[in-house]
Ligand SMILES: [Zn+2]
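What follows is the structure in structure tokens.
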């Protein structure tokens, strides 16, 4: 399985989780946090490479050593710590987005 297949499989699983999460009845939702909050170094390298070394929110170039990695669907709200749910972010965008949902969406990937 190459890196793109791995990413697509993870994205598909994530989409299914988002849909299932959306149809749960309000009031019985219990946020189950991913026990893992931080991606492994290898996965952070993959995300930074996939994102072309740019912040996925503003498009600015972010050096690997300065890069932050943001949960698109926030970890605190049940978002998974997977490469499908993580994007490269600059510090400014990461602070601005915090754990909001829908305030900022990642820019499309450009290859
Ligand atoms: Zn940014």
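Numbering (the working numbering), first residue to last: 53 to 163. Where a beta carbon is used, it is the ideal one built from N, C-alpha and C, also for glycine.
Counting only the Cα atoms, residue 66 lies some 13 Å from residue 127.
In the three-state reduction of the DSSP assignment, residue 113 falls in the strand class, which pools E and B.
Excluding its 5 nearest sequence neighbours in each direction, residue 104 has C-beta neighbours in its own chain below 7 Å: 162, listed in chain order.
When DSSP states are grouped into helix, strand and coil, residue 93 belongs to the helix group. The alpha-carbon of residue 85 is positioned some 26 Å away from that of residue 160. Contact annotation: the segment 88–98 does not touch the segment 107–115, with fewer than three C-beta pairs closer than 8 Å. Pairing residue 139 with residue 151 gives a Cβ-Cβ distance that is not under 8 Å. With contacts defined by Cβ atoms closer than 8 Å, residue 100 and residue 116 form a contacting pair.
Comparing C-alpha distances from residue 120 to each of 149, 131, 83 shows the shortest one belongs to 149.
In terms of CA proximity to residue 83, 130 leads the group 102, 156, 130, 114.
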